[in-house]
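Chains as they are written, first to last, in our numbering: chain A, 109 to 424; chain B, 2 to 73.
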């Protein structure tokens with residue numbers, strides 16, 4: 109069989125592919141999708157504007173230096189004090205407690221699920237672990253207050269007083285358990301994406317499974333693992349309900365997790381329940397703390413993007 | 002290429018790649034134990050949370066919860 113091409117007619121490759129009729133439905137879908145993308149951007153811009161205006165008004169009345177350096181926080185008292193450091197210290201302390209639980213155990217769970225568990229075992233264990241991520245945070249809060257705190261008080265063997273009824277330690281530990289499945293699941297996904305040929309190569313060179321896991325798979329998936337850590341930490345910084353219930357509502361400039369403390373989110377939740385008249389300095393305080401929290405998470409997200417790009421491995 | 006020696010000596014693969022030493026096997030077992038412990042932390046806490054919630058909440062699971070919920 110021979111193929112002949114008419115010299116007058118352009119060949120198939122040269123002809124323009126034109127639809128038989130205008131595809132209006134497709135254009136509508138593209139416009140809808142663009143609208144969806146625009147909606148999330150517009151929401152973010154709206155949040156920034158909503159935070160920015162009252163925050164600027166707040167700093168018209170309160171010195172930014174006092175806000176960032178003073179260690180007394182009593183914005184709703186007669187003799188108001190606006191030092192945000194106690195809230196920042198509490199947020200950092202509880203986040204460190206949460207990270208101390210979530211990062212090692214989350215990474216350990218991810219390595220086991222990715223490298224050691226059989227397909228069948230993984231199919232059962234991973235969803236079971238992910239159930240933890242679906243439990244409402246208010247349940248975690250009461251669990252921390254009514255179960256974990258008494259348990260820690262009973263088992264306390266370290267020097268010094270056992271934790272108070274409200275404390276940052278139990279809130280941080282339970283928060284760590286809450287973010288553990290997020291870190292484990294995302295890190296496991298990143299490790300599963302490492303090509304099988306790298307594992308096979310390392311095993312063929314005589315590596316043990318421990319060496320393959322720690323020297324091939326974890327470095328190969330480092331970008332995804334770092335992203336999982338940062339997402340978990342961001343959740344810890346922004347978590348409200350657990351700290352509101354279990355850590356207490358006392359702004360206390362201390363890094364001792366056994367004491368009662370109030371985080372930035374807990375203050376926003378406690379002060380933002382409608383008791384503050386609009387336009388008062390107490391009302392604007394909520395936005396100032398919210399803006400600080402926004403800046404902190406924004407900087408952390410920027411850092412995470414840089415880290416993810418820095419450690420990214422591209423496989424073909 | 003044969004994998005096993007016909008004379009009953011060790012397989013070719015074992016001659017090329019030395020078998021894992023006792024130390025390596027211990028490290029491997031310890032590492033696997035640590036990983037299992039990590040997984041258990043999450044799963045045991047989930048179990049404790051569910052049991053604690055059920056034990057504390059089950060006496061209150063009755064019709065009064067649905068139709069005569071305390072107002073304050």
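All C-beta atoms, glycine included, are put in the ideal place defined by N, C-alpha and C.
For residue i and chain B, any beta-carbon pair shorter than 9 Å?
| i | result |
| --- | --- |
| residue 254 of chain A | yes |
| residue 235 of chain A | no |
| residue 221 of chain A | yes |
| residue 302 of chain A | no |
| residue 337 of chain A | no |
| residue 306 of chain A | no |
Do residue j and residue i count as a contact pair if the criterion is CB distance below 9 Å?
| i | j | result |
| --- | --- | --- |
| residue 404 of chain A | residue 345 of chain A | yes |
| residue 289 of chain A | residue 241 of chain A | yes |
| residue 398 of chain A | residue 159 of chain A | yes |
| residue 280 of chain A | residue 204 of chain A | yes |
| residue 223 of chain A | residue 325 of chain A | yes |
| residue 200 of chain A | residue 176 of chain A | no |
| residue 275 of chain A | residue 254 of chain A | no |
| residue 191 of chain A | residue 363 of chain A | no |
| residue 412 of chain A | residue 334 of chain A | yes |
| residue 282 of chain A | residue 251 of chain A | yes |
| residue 207 of chain A | residue 284 of chain A | yes |
| residue 44 of chain B | residue 233 of chain A | yes |
| residue 374 of chain A | residue 170 of chain A | no |
On a CA-only basis, which of the options is nearest residue i? Give me that one, please.
| i | options | result |
| --- | --- | --- |
| residue 21 of chain B | A/238, A/213, A/317, A/215 | A/317 |
| residue 178 of chain A | A/197, A/378, A/164 | A/197 |
| residue 212 of chain A | B/37, B/58, B/67 | B/37 |
| residue 235 of chain A | A/296, A/351, A/326, A/366 | A/296 |
| residue 195 of chain A | A/356, A/323, A/306, A/389 | A/356 |
| residue 350 of chain A | A/202, A/138, A/325 | A/202 |
| residue 402 of chain A | A/421, A/372, A/384 | A/372 |
| residue 392 of chain A | A/249, A/377, A/164 | A/164 |
| residue 421 of chain A | A/283, A/206, A/298, A/227 | A/298 |
| residue 270 of chain A | A/183, A/365, A/244, A/287 | A/365 |
| residue 54 of chain B | A/184, A/189, A/249 | A/249 |
| residue 221 of chain A | A/189, A/321, A/342 | A/321 |
| residue 156 of chain A | A/174, A/414, A/419, A/406 | A/406 |
| residue 415 of chain A | A/311, A/170, A/336 | A/336 |
In angstroms with no decimal places, state the Cα-to-Cα distance between residue i and residue j.
| i | j | result |
| --- | --- | --- |
| residue 264 of chain A | residue 71 of chain B | 37 Å |
| residue 323 of chain A | residue 348 of chain A | 37 Å |
| residue 247 of chain A | residue 57 of chain B | 12 Å |
| residue 40 of chain B | residue 225 of chain A | 11 Å |
| residue 319 of chain A | residue 51 of chain B | 37 Å |
| residue 129 of chain A | residue 135 of chain A | 13 Å |
| residue 238 of chain A | residue 387 of chain A | 43 Å |
| residue 377 of chain A | residue 314 of chain A | 56 Å |
| residue 394 of chain A | residue 339 of chain A | 24 Å |
| residue 166 of chain A | residue 390 of chain A | 9 Å |
| residue 181 of chain A | residue 187 of chain A | 11 Å |
| residue 286 of chain A | residue 400 of chain A | 24 Å |
| residue 300 of chain A | residue 218 of chain A | 10 Å |
| residue 267 of chain A | residue 261 of chain A | 12 Å |
| residue 149 of chain A | residue 243 of chain A | 29 Å |
| residue 358 of chain A | residue 352 of chain A | 10 Å |
| residue 137 of chain A | residue 146 of chain A | 14 Å |
| residue 60 of chain B | residue 66 of chain B | 10 Å |
| residue 354 of chain A | residue 307 of chain A | 44 Å |
| residue 417 of chain A | residue 30 of chain B | 34 Å |
For my contact list, residue i and residue j are in at a C-beta cut-off of 8 Å; report their separation, rounded to the angstrom.
| i | j | result |
| --- | --- | --- |
| residue 294 of chain A | residue 332 of chain A | 7 Å |
| residue 292 of chain A | residue 231 of chain A | Rounded, the Cβ-Cβ distance is 15 Å, inconsistent with contact. |
| residue 216 of chain A | residue 35 of chain B | 6 Å |
Under a CB-based cut-off of 9 Å, is residue i close to chain A?
| i | result |
| --- | --- |
| residue 62 of chain B | no |
| residue 1 of chain B | The shown model of chain B, from 2 to 73, leaves out residue 1 of chain B, and the question about it has no answer. |
| residue 65 of chain B | no |
| residue 4 of chain B | Low confidence applies here, because residue 4 of chain B scores a pLDDT of 44, under 50, leaving its location unreliable; read the following figure in that light. Chain A contact via Cβ: absent. |
| residue 59 of chain B | no |
| residue 32 of chain B | yes |
| residue 38 of chain B | yes |
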